[in-house]
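A.B. asks:
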DNA sequence: AATTGGCACTCAGTACCATTGAGTGCCAAT
DNA sequence: ATTGGCACTCAATGGTACTGAGTGCCAATT
C-alpha cells in the first residue's frame, strides 16, 4: 500500500518531471521539496510507487518518470488547480469581449485558450443534434441555381448552392420554400433528417407528378446531406504549430497528433467519450487514448453551456503536460464562455 | 561557364539528391547515369557548378547538394514535367466528380492534391475582390436577430448573425433588404465596401432620422466587415500532417511551416506574389521565401480559372522536393479544376 | 583542349574503449 | 520506520583509432 507521504512523493515526481523533462531521482526530491526525511526513505517510497506502477525507471540506474497511471492518480487526487493570474483573466475577457456572432466568439475562444496554455486548443461547437431547425430559406440566384440555407435556434447557419433542372420563377421558389419549411422547421436536426427521408420515400410511392416534384426531390437530398453534416458537430482548433516545439515529448513523431488534428472526427469522438467530473472537467491521459492513436497525448476538457446545449473546450498536448495549469485554464475559459453565451441569449 | 554536360550533371545531382537525401558524389553519378565519361571528368564539371553556386558540398569531403539557385535552374530549364499516370488521372476525376457546390469542389480538390503529391496541398478560393455581389438577403430569426447573407456571382456565400436593437416585423425586414440591396447588389466587392462606407458617412450628415436608420446602420457595419473579409481570399489546406514525416528536411523544426499553415495570411501573400509562367505554373524555392519565414520550403502553384476569376492551387513542401512530379500534379489539378468550374458555369 | 588515371588528403561516421556520476537496491544499525 | 553506508548499474561523455566515400590536383593520354 502506498503511504500518505508516498503520494506526496508521486506529486513531487510529477511536478518535477513536467518541469524539467528529466527523470527525477531521490536526491532531487529531497533537495527541492522539503520532506523531512532522507533520500533513502524516499527511495523506499519510490520502490512502492513502482510496485504500484505509478512510476517507472526508464533505465536501471536513473530516476523515475510517472506512468500514465501515475498521471491519472495525480490528476484525480493530487492536483490542485492553479488559479489563473488576474492578468490571464483579463486576457480572456479582452480576447472575447465585443463579439456577438457564434463563429466569432468560438474562434476567439480557441485562440485565447491556446495562448493561455501554450497547447493545441480545441473548441467544440454547441451540439446541434438536439437543437431545432428554426429556418429554412431558399434564395433564387438565377441561372438555375438556388441557395439553400438552414438555421438552428442555437445560432448556427449552414448553406449550400444547388443546381435546379430548370429556371424557376418567384412563385415556384415560394412554393418550394413552403413545402420544405413544413418538413423541417421546428424539429430537431435528427428528426428533420428522418422527416426528409420519409418524404423522399413517400414521393416515390405516390406517382402523381407535381410540377416541382423533381426540384423538391433534389433540394431535399441536399437538405438531408446538410442535416447529416450538422449532426456531426464541428471543432475549431488553434495552436497546432506549438506541437513542433514539443516533438521530444512524442517518441519519434508528432504525426499522429497532426493527423488527428486534420481529421477532426477522431478528436470529436475522443472528446465525446470523456467523462466529466462534477465541475465539468475531464482528462484523458496517454494510453487511455490508445484507441485513437494518441497514446502519447493527453486531452483536458471542460464543459460549457450554450443556449441549453452543452459542448466542450479543451487542450491537446503531450502526456507530460502541466495538468493543474491546463485544467484551470480550461475551466476558466469554459466558465467565461458559458456566461457569455447564456448572457448573450437573454440579450438577444 | 557551365557546359552542356555540366547542366546534365546538375540535373542528375538534383534527381539523386531528391531521391536519396544524400549528398551525391562523382562516382554515384557515373554509376547511375550513363554519362560516357569518367568520374574525374564529372568532378571537373562539379567544380564549375560549385563555382557558379549551383551546388555546394556540406562537408569538405562529401558529395554535393543543390543550392536554391541550383534548384531554380533545374526547375526553369532542366525539369521535364513527369506526366501523371492514368491511374492518377482517374483518381483526380474520381475525387472531384459529382459535386456542384464550390466549397465541396475545392475541398475535394485539396485532398486530391495532397494525396497525389504527398505534400501539403493548398487551394486558393477564386478571387472575390472583382466578383460581383449578386444577392443580399436578410432573414428574420426572431428574438431580435437577423441573419445577413451575401452571395457573389462566383458562388461564394457568406453569412453572419446580427443582433438588432428591437423586434422588427416582416415589413421592416423587407424595407431594410431593399435599401441594402440597392447599396451593394451588382457591384464588385471592393465597390460595395466603398458604397457602404459612403452610405454610413452620408447618414451622419443627413439628420433626418428614419425609423429604421439605426438598424440599417448596424447592418451596414456588418456588411462592411463581411465585404472586407471577402476581399481577403481564403485558403483551403490539407495534408499538414505529412510534414511530420519530413522533419529531417527542415533544419531542426517544422515550426515555421505549421505556423504559416495556421496563419493562412502568410501563405496567401506568398502565393499572391509568385509569378506564373505561360502555363500558369510557378515555383518559389527556399530562400526566395525568406521574407515569409519559409527559407527551407518551396511552393509550387498553378493557376486555374473559375467563372472569369483566377486563383491558384499549389503544394507546400521542403525545398528538397520532387519538382517535376509536383509541377505536373499541380498543373493537372489546375486544368481539371478550370474545366470543372467553367463547365459548371455554363450548365448552371 | 578535353579527358582520364593516379594519388595524397580531408573528414564524417563508426566503433571501441575508459571514465564519470547520478541513481538504485539492499542491509545492518539506529 | 528510518537512515547511513556500500556495491552495483548503466547512460552519458570523451578520447582514440579506423574506415571509406569523396575531393582536388597533376601529369599523361587522346
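Protein chains in written order, with this note's numbering: chain A, -16 to 331; chain U, -16 to 331. We put the beta carbon where it would ideally sit given N, CA and C, even for glycine.
List in chain order: all unbroken alpha helix (DSSP H) runs of 4+ residues lying wholly within the stretch 122 to 159 of chain A.
C.D. replies: DSSP runs (the alpha helix (DSSP H)) wholly in the stretch 122 to 159 of chain A: none.
A.B. asks: Got a sec? Which residues, its chain only, sit under 7 Å from residue 65 of chain A by beta carbon, not counting five neighbours each side?
C.D. replies: The sequence position of residue 65 of chain A within the first chain is 82, counting from 1. Cβ within range, chain order: 307, 308, 311.
A.B. asks: I'd like to know if residue 84 of chain A contacts chain U, where contact means its C-beta is closer than 8 Å to some C-beta of that chain.
C.D. replies: Here residue 84 of chain A refers to the residue found at position 101 when the first chain is read from its first residue. Yes - at least one Cβ of chain U is within 8 Å of the one on residue 84 of chain A.
A.B. asks: Would you mind listing the beta strand (DSSP E) stretches within the stretch 185 to 253 of chain U that are 3+ residues and don't spill past its ends, in chain order?
C.D. replies: Correct list: 218 to 221.
A.B. asks: By DSSP's criteria, residue 295 of chain A is part of a beta bridge. Which residues make up the other side?
C.D. replies: As a working note, residue 295 of chain A is residue 312 in the first chain. Note: residue 295 of chain A sits in a beta bridge opposite A:286.
A.B. asks: Could you name each continuous alpha helix (DSSP H) segment of 4 residues or more that falls completely within the stretch 22 to 88 of chain U, going from the start of the chain to the end?
C.D. replies: Counting only runs of 4 or more, we get 22 to 34, 51 to 56, 69 to 79.
A.B. asks: Using a Cβ-Cβ distance under 8 Å, would residue 171 of chain U count as near chain A?
C.D. replies: Start at 1 with the first residue of the second chain, and residue 171 of chain U comes out as number 188. No, because no Cβ of chain A sits closer than 8 Å to the Cβ of residue 171 of chain U.
A.B. asks: Can you tell me whether residue 153 of chain A is buried or exposed? The criterion is at least 16 other CB atoms within 10 Å of its CB, across all chains shown.
C.D. replies: Working through the first chain from its first residue, we reach residue 153 of chain A at position 170. Under this definition residue 153 of chain A is an exposed residue.
A.B. asks: With a cut-off of 8 Å, do at least 3 Cβ pairs link the stretch 177 to 187 of chain A to the stretch 224 to 236 of chain A?
C.D. replies: Contact between the stretch 177 to 187 of chain A and the stretch 224 to 236 of chain A is absent, because fewer than three Cβ pairs lie under 8 Å.
A.B. asks: Go to residue 103 of chain A, then tell me how far its beta strand (DSSP E) extends in each direction, as first and last residue.
C.D. replies: Walking along the first chain from the start, residue 103 of chain A turns up at place 120. That run of the beta strand (DSSP E) goes 103 to 107.
A.B. asks: Looking only at its chain, what residues have a beta carbon closer than 8 Å to the beta carbon of residue 325 of chain U, apart from the 5 residues adjacent to it on each side?
C.D. replies: Within the second chain, the letter at position 342 stands for residue 325 of chain U. The residues are 288, 289, 290.
A.B. asks: Please classify residue 327 of chain A: does DSSP put it in a helix, a strand, or coil?
C.D. replies: Counting from one through the first chain, the residue named residue 327 of chain A turns up at place 344. Only weak support is given to the placement of residue 327 of chain A: the predicted model assigns it a pLDDT of 49, under 50, and the value that follows is read from those uncertain coordinates. DSSP places residue 327 of chain A in helix when its eight states are reduced to three.
A.B. asks: To the nearest angstrom, report how far apart residue 101 of chain A and residue 73 of chain A are at their CA atoms.
C.D. replies: Residue mapping note: residue 101 of chain A aligns to position 118 of the first chain, counting from 1. Residue mapping note: residue 73 of chain A aligns to position 90 of the first chain, counting from 1. Cα to Cα, residue 101 of chain A sits roughly 17 Å from residue 73 of chain A.
A.B. asks: My guess is that residue 114 of chain A and residue 172 of chain A are in contact by the Cβ rule of under 8 Å, so how many angstroms apart are they, rounded?
C.D. replies: The residue you call residue 114 of chain A lines up with position 131 of the first chain. The residue you call residue 172 of chain A lines up with position 189 of the first chain. Correct: roughly 6 Å between the Cβ atoms.
A.B. asks: Which residues of chain U have a Cβ atom closer than 7 Å to the Cβ of residue 130 of chain A, listed in chain order?
C.D. replies: Along the first chain, one-based indexing puts residue 130 of chain A at 147. Here the neighbours are 134, 140.
A.B. asks: In chain order, what residues of the same chain have a beta carbon less than 7 Å from the beta carbon of residue 317 of chain U, not counting five sequence neighbours either side?
C.D. replies: The count along the second chain starts at 1 and reaches residue 317 of chain U at position 334. For residue 317 of chain U, where only same-chain residues beyond five positions count, the Cβ hits under 7 Å are 263, 285, 286, 287, 296.
A.B. asks: Note the first and the last residue of the continuous alpha helix (DSSP H) segment covering residue -7 of chain A.
C.D. replies: Indexing the first chain from 1 puts residue -7 of chain A at position 10. Taken as a continuous stretch (DSSP letters only), the alpha helix (DSSP H) holding residue -7 of chain A covers -13 to 3.
A.B. asks: Do residue 300 of chain A and residue 54 of chain A come within 8 Å of each other at the CB atom, strictly closer than that value?
C.D. replies: Here residue 54 of chain A refers to the residue found at position 71 when the first chain is read from its first residue. Here residue 300 of chain A refers to the residue found at position 317 when the first chain is read from its first residue. Cβ distance not < 8 Å, so residue 54 of chain A and residue 300 of chain A don't count as in contact.
A.B. asks: Between the alpha carbons of residue 139 of chain U and residue 85 of chain U, how many angstroms are there, rounded?
C.D. replies: To locate residue 139 of chain U, count along the second chain from 1; it is residue 156. To locate residue 85 of chain U, count along the second chain from 1; it is residue 102. One C-alpha to the other measures close to 7 Å.
A.B. asks: Determine the contact status of residue 320 of chain A and residue 97 of chain A, defining contact as a CB-CB distance below 8 Å.
C.D. replies: The residue you call residue 320 of chain A lines up with position 337 of the first chain. The residue you call residue 97 of chain A lines up with position 114 of the first chain. Cβ distance not < 8 Å, so residue 320 of chain A and residue 97 of chain A don't count as in contact.
A.B. asks: Applying a beta-carbon distance threshold of less than 8 Å, which residues of chain U neighbour residue 114 of chain A?
C.D. replies: If you number the first chain from 1, residue 114 of chain A lands on position 131. Per Cβ cutoff of 8 Å: no residues; residue 114 of chain A is ~13 Å from chain U at best.
A.B. asks: Taking the CB atoms as reference points, tell me whether residue 116 of chain A and residue 198 of chain A lie closer together than 8 Å.
C.D. replies: Taking the first residue of the first chain as position 1, residue 116 of chain A is located at position 133. Taking the first residue of the first chain as position 1, residue 198 of chain A is located at position 215. Going by C-beta atoms, residue 116 of chain A is not nearer than 8 Å to residue 198 of chain A.
A.B. asks: Taking 7 Å as the cut-off, is the beta-carbon of residue 6 of chain U closer than that to any non-hydrogen atom of the ligand ZN?
C.D. replies: The model depicted lacks the ligand ZN and carries no ligand whatsoever.
A.B. asks: Taking C-beta pairs closer than 7 Å, name the residues in chain A that residue 250 of chain U reaches, listed in chain order.
C.D. replies: Stepping through the second chain from its first residue, residue 250 of chain U is reached at position 267. Simply none; closest approach about 13 Å.
A.B. asks: So, are the CB atoms of residue 294 of chain A and residue 141 of chain A less than 8 Å apart?
C.D. replies: Taking the first chain and counting its residues from 1, one reaches residue 294 of chain A at position 311. Taking the first chain and counting its residues from 1, one reaches residue 141 of chain A at position 158. Cβ distance not < 8 Å, so residue 294 of chain A and residue 141 of chain A don't count as in contact.
A.B. asks: Output, in sequence order along the chain, the residues in the stretch 265 to 295 of chain A whose CB is closer than 7 Å to any CB in chain U.
C.D. replies: Hits within the stretch: zero.
A.B. asks: Report yes or no: is there a C-beta of chain U within less than 8 Å of the C-beta of residue 298 of chain A?
C.D. replies: The residue labelled residue 298 of chain A in the question sits at position 315 within the first chain. Residue 298 of chain A does not count as touching chain U.
A.B. asks: What residues in its chain sit with their C-beta under 6 Å from that of residue 26 of chain A, if we drop five residues either side in the sequence?
C.D. replies: The sequence position of residue 26 of chain A within the first chain is 43, counting from 1. Once the five neighbours on either side are set aside, the close Cβ partners of residue 26 of chain A are 9.
A.B. asks: Compare the Cα-Cα distances from residue 267 of chain U to each of U:281, U:61, U:277 and report the closest residue.
C.D. replies: Residue mapping note: residue 267 of chain U aligns to position 284 of the second chain, counting from 1. Of the listed residues, the one whose Cα sits closest to residue 267 of chain U is U:281.
A.B. asks: Under the rule that 16 or more other beta-carbon atoms within 10 Å means buried, what is residue 119 of chain U, buried or exposed?
C.D. replies: Taking the first residue of the second chain as 1, we reach residue 119 of chain U at position 136. Classification for residue 119 of chain U: buried.
A.B. asks: Excluding the five sequence neighbours on either side, which residues of its own chain have a C-beta within less than 7 Å of the C-beta of residue -3 of chain A, listed in chain order?
C.D. replies: Residue mapping note: residue -3 of chain A aligns to position 14 of the first chain, counting from 1. Cβ within range, chain order: 49, 53, 54, 57.
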